Amino acid sequence: MILVTGGAGFIGSNFVLDWLGASNEAILNLDKLTYSGNLANLASLNGNPHHIFVQGDITDGSLIEGLLIKHQPRAVIHFAAESHVDRSIHGPEDFIQTNIVGTFRLLEAVRAYWSKLPQADQENFRFLHVSTDEIYGSLSPDAPAFTERNPHEPNSPYSASKAASDHLVRAYHHTYGLPTLTTNCSNNYGPFHFPEKLIPLMIVNALAGKPLPIYGDGQQIRDWLYVKDHCRAICRVLEAGRIGETYNIGGWNEKQNIEIVNTLCTLLDELQPRADGRSYTEQITYVKDRPGHDRRYAIDATKLYTELGWKPTETFATGIRKTVQWYLDNPQWTSDVQSGAYRDWLNKQYA
Ligand code: NAD
Ligand code: TYD
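In the numbering used here, the protein residues as written are 2 to 352.
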């Protein structure tokens with residue numbers, strides 16, 4: 002079996018669902034169920050003996066050691082993290098605890114377990130660390146996309162904490178020989194995306210008749226990748242990635258935020274028009290910029306393509322249409338995650 006951390010979050014739950022849809026190899030899913038972790042994402046696995054869920058914290062080293070000894074996984078895929086830049090600006094502490102201390106405790110527990118495995122199992126073992134392109138910092142408009150050789154230049158407490166975790170993973174490979182792999186992916190979108198991030202927030206606000214808040218001038222650029230393409234890339238790196246290496250994952254799909262929001266409005270105008278017949282674009286509202294807002298991210302995923310043959314299957318046009326349709330088809334999921342705590346966050350951030 003494999004151990005997945007953070008498998009009830011956005012990307013982790015897509016990974017768990019896709020893995021178990023394609024394989025009989027069991028998953029031990031360790032997740033603290035913070036505000037962004039949601040077992041409803043995994044409801045279709047109820048009764049599936051190949052999915053073992055444990056609610057727990059990756060900072061709890063003895064819990065992880067016990068789970069490793071009991072379940073004997075052949076690999077760890079580490080998704081668990083505090084993941085929202087705006088929250089990291091309001092309160093960095095949780096990011097330091099989970100992303101740095103948590104990754105450290107997880108690595109320590111895994112090292113203790115791995116070092117006692119028989120040699121063949123040690124050689125076959127993998128620790129795959131899921132990271133972000135944000136650790137590379139911000140690009141000027143004409144700069145080439147980030148390659149794996151770019152230095153780490155994080156600018157937010159979130160990206161700084163992820164950069165620290167990348168360095169720890171690297172050190173555990175170089176110092177202890179732990180067979181690690183690191184992936185640095187661009188912005189994901191797709192089903193089960195918590196509606197505090199740009200794309201789901203805009204869909205949910207549009208349908209609720211609320212403002213669509215664009216930070217600053219809306220011309221910041223992100224590279225967007227459909228979440229299921231990210232999950233396929235992780236599987237491919239797990240299967241064939243070279244030990245100790247990092248692989249960039251990206252969609253070859255740079256877009257300005259305002260383009261993204263206009264596209265969402267156009268799709269919603271078509272799929273669920275406003276009652277008054279006007280366009281959702283009328284709800285676009287420019288608001289104060291995010292402090293330290295990175296201007297541009299772009300990923301060069303050539304290494305992953307040339308070494309491992311991965312490239313995205315969805316275009317942005319197909320992926321974003323599927324995503325909008327998923328939110329239209331799943332209003333219950335959305336209303337269930339919009340708890341009191343969610344409303345408190347919106348009031349704090351967008352007041
Ligand atoms: P998410 O916030 O949706 O999910 C995070 C999950 O981790 C949640 O289920 C949460 O309950 C769990 N978690 C948080 N703290 C924990 C702890 N201390 N112990 C155990 N579980 C804990 O995040 P996501 O968007 O699914 O991101 C997953 C990973 O992918 C993160 O490491 C993130 O840095 C990385 N990543 C995300 C993106 C993106 O666009 N969302 C892009 C690149 C990389
Ligand atoms: P986000 O989804 O938070 O991802 P990240 O900051 O990790 O890239 O934000 C994506 C982009 O959208 C980013 O440039 C900030 C911007 N943004 C807005 O303009 N308005 C919003 O309400 C949010 C949440 C994000």
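Glycine included, each C-beta is placed from N, C-alpha and C at the ideal position.
Bear in mind that the values here come from a model prediction, so they are computed numbers and not experimental data.
Grouping DSSP H, G and I as helix and E and B as strand, with all else coil, what is N15?
Here N15 sits in helix by DSSP.
Between the Cα of R223 and the Cα atoms of W327, A172, L265 and A146, which residue gives the shortest distance?
Ranked by Cα distance from R223, the options W327, A172, L265 and A146 are led by A146.
CA nearest to the CA of F54, picked from G13, T133 and E94
For the residues G13, T133 and E94, the minimum Cα distance to F54 belongs to G13.
What residue range does the beta strand (DSSP E) around A76 cover?
Where A76 is concerned, the enclosing beta strand (DSSP E) starts and stops at A76 to H79.
For my contact list, I200 and Y216 are in at a C-beta cut-off of 8 Å; report their separation, rounded to the angstrom.
Rounded to the nearest angstrom, the Cβ distance from I200 to Y216 is 14 Å, too far for a contact under 8 Å.
Nearest to V102 by CA position, among T286, G48, L34 and L169, is which residue?
Nearest option by C-alpha distance: L169.
Could you tell me the boundaries of the beta strand (DSSP E) in which P214 lies?
That run of the beta strand (DSSP E) goes L213 to Y216.
Assuming Q350 contacts H294 under a Cβ cut-off of 8 Å, what Cβ separation, rounded to an integer in Å, is found between them?
14 Å between Cβ atoms; not a contact.
Using 7 Å as the threshold, is the C-beta distance between Y281 and C266 below it?
Yes, the pair counts as a contact, with Cβ atoms nearer than the cut-off.
Mind checking who N185 pairs with in its DSSP beta bridge?
Its beta-bridge partners are S132 and N249.
For Y36 and D58, I'd like the C-alpha separation in whole angstroms.
One C-alpha to the other measures close to 13 Å.
Between A234, D218, L239 and A241, which has its C-alpha nearest I259's C-alpha?
Ranking the options by Cα distance to I259, first place goes to D218.
Give the C-beta separation of A76 and L239 to the nearest angstrom, bearing in mind that I take them to be a contact with Cβ-Cβ under 8 Å.
With 8 Å as the limit, A76 and L239 qualify as a contact, their Cβ atoms being about 6 Å apart.
Is the beta carbon of T104 less than 7 Å from the beta carbon of E83?
Judged by beta-carbon spacing, E83 lies beyond the 7 Å limit of T104, meaning their Cβ atoms are not closer than that value.
Does K289 pass the burial test, meaning 16 or more other C-beta atoms within 10 Å, or should it be called exposed?
It is exposed - the Cβ of K289 has fewer than 16 other Cβ atoms within 10 Å.
With distances taken from CA atoms, which of C236, P180 and G67 is nearest Q123?
The option with the nearest alpha carbon to Q123 is P180.
Give a yes or no on whether the C-beta atoms belonging to L329 and Q273 are separated by under 7 Å.
Yes, these two residues count as a Cβ contact at 7 Å.
Return yes when the C-beta of N189 is under 6 Å from any heavy atom of the ligand NAD, and no when it is not.
Yes, since a heavy atom of the ligand NAD falls inside the 6 Å radius drawn around the Cβ of N189.
Exposed or buried, which one is K163 when buried takes at least 16 other CB atoms within 10 Å?
By the 16-neighbour rule on beta-carbons within 10 angstroms, K163 is buried.
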